[in-house]
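Protein chains in written order, with our numbering: chain A, 3 to 307; chain B, 361 to 618. Ideal Cβ placement from N, Cα and C applies to all residues, glycine included. These figures come from a predicted structure and were not determined experimentally.
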């Protein structure tokens, strides 16, 4: 059974539809990345699952429990790190994290909070007021608050938006450690690099609709493109006749011939090199490139527009 | 699906967090109403009151004590509860309250309970301050305590609603500053409405605060401007209206949950 089941969830504000009947299953223990441009509906969707926004229609279950009828059960299992830093700036790190734990009905556990703060490099700042912390530390406090009640599902809404490279790497490390401890992670991001680095599966949202869900590797295999670019000793005006019908393009004023590798066994990289040799074309250099998740995302979102 | 039916730790977390906020602003929360009350006693009780006759057999200094407590109690209850819920909305931390396993009733109990407790404490501090300026006899101490708690609770509920409704700090201050304070001054805090000409006395009966001050004054001195039952009935009516408004707010998510 999926840990999260989203069925026909829609959200409208007056005449504006923010979410179009989304169906999605999240599997236990996976890292799921929800990609999409600003305004795609990512935050609305996760806010509905967490209970911070009401859905207009549809149903969501967590471990089989309905989020409306059994909200006391479902919400205890969920931790949410929102996109914006939202903290009581006059509270101390220790008090605000302890507050979050109690809010979710968990008994005080000083040892757990200490471990959490140490894991997030916040232990030395436990008595500091939030107002005294740097932006990166505040973001770590947000994560500590979301984990304070030991949730089995963690939603990270744009976790690394506006953070420096070092902190981003730290966050990725933390997410991996959480997954290893059995936490299911759903993150929204518009940093494709983030999804490419961490996600097991990817969902792409556009204008309130979920346009694609697939395993990251399968997505890259299916929609990704590999290109072989050959640098020629002498420029060519056109591909040799022996390559008629092949997916090749002349680039750089004839100095390059680019070939998009297909699954067709008869039209592999070795064959093109052989045919060029037979046609008397001398190859000076060659380079292989693979399309990134970002290119796939741009292609998909562009196509859906 | 087994689930706890109540989240007392969550309710207490909100309550304790609100009380901690008061401790952080102790000077503003406690010292200000005490100083204001002391000034009222100096001006109205000692300076002017010494030249005034007794009202209904009660010395003027003692007569104004219930009205002065009410004046602070009403504004303090509204301000505490409205800021309590408005501040998380303003800072964005409301997401945590909305996504916690708490029912609407539990959220209200946490915020309104804390506001009520703070207001009652302030009411008692003002009462103690008044005792420095004038001898105090409380005819019905139990009813006095009941009125104190009920008024603090009722206006904390009202304040919570204002906090949900308000979109700006200006709106937050609008009701306590421009509605409640004038109504309290005109509601017999410093005089008996029996002292007014018949027309203005009738007009005063449309002022809801008259019923609060009258009932509270009855608990002190055994007499008020309106019957005790009218005061209690008014309070019950306001509580009913506030609870009705809160049910609607949580059902619709009005300005709280999009």
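- Close to residue 440 of chain B, with beta-carbon spacing below 8 Å, lies no residue of chain A; the smallest spacing is near 16 Å.
- Shown here for residue 457 of chain B: same chain residues with a beta carbon closer than 8 Å to its own, the five before and five after excluded, namely 374, 448, 467 in chain order.
- Around the beta carbon of residue 15 of chain A, fewer than 16 other beta carbons sit within 10 angstroms, so the residue counts as exposed.
- By the neighbour-count criterion, in which a residue is buried when 16 or more other Cβ atoms sit within 10 angstroms of its Cβ, residue 210 of chain A is buried.
- In the three-state DSSP reduction, residue 208 of chain A falls in the strand class (E or B).
- In the structure shown, the three-state DSSP call for residue 395 of chain B is helix.
- Under the 7 Å criterion on CB atoms, residue 185 of chain A is classed as non-interfacial with respect to chain B.
- The alpha-carbon separation between residue 512 of chain B and residue 484 of chain B amounts to approximately 12 Å.
- Look at residue 105 of chain A: its C-beta is under 7 Å from a C-beta on chain B.
- Counting C-beta pairs with one atom in each stretch, the stretch 438-446 of chain B and the stretch 30-48 of chain A have fewer than three that are closer than 8 Å, which means they do not touch.
- Taking a beta-carbon distance threshold of 7 Å, residue 426 of chain B does not count as an interface residue toward chain A.
- Close partners of residue 372 of chain B in chain A (Cβ separation under 8 Å): 104.
- Separation of the CB atoms of residue 524 of chain B and residue 615 of chain B is rounded to 5 Å, and the pair is thereby assigned contact status at 8 Å.
- Within chain B, the C-beta atoms nearer than 7 Å to that of residue 92 of chain A come from 384, in chain order.
- Per DSSP, the unbroken alpha helix (DSSP H) holding residue 574 of chain B starts and ends at 568-581.
- One finds nothing in chain A with a Cβ atom closer than 7 Å to the Cβ of residue 571 of chain B; even the nearest lies about 37 Å away.
- A residue is called buried when at least 16 other Cβ atoms come within 10 angstroms of its Cβ; residue 562 of chain B does not meet this threshold and is exposed.
- Using beta-carbon distances, residue 291 of chain A does not count as an interface residue toward chain B, since no partner is under 7 Å.
- With its beta carbon less than 7 Å from one in chain A, residue 369 of chain B belongs to the interface.
- Here residue 576 of chain B is buried. Its C-beta has 16 or more other C-beta atoms within 10 Å.
- The alpha-carbon of residue 148 of chain A is positioned some 16 Å away from that of residue 109 of chain A.
- Setting aside the 5 residues that flank it on each side, residue 7 of chain A is surrounded in the same chain by 27, 63, each with a C-beta closer than 6 Å to its C-beta; the list follows chain order.
- Think of a sphere of 7 Å around the beta carbon of residue 460 of chain B: the chain A residues whose beta carbon falls inside it are 77, 105, 106, in chain order.
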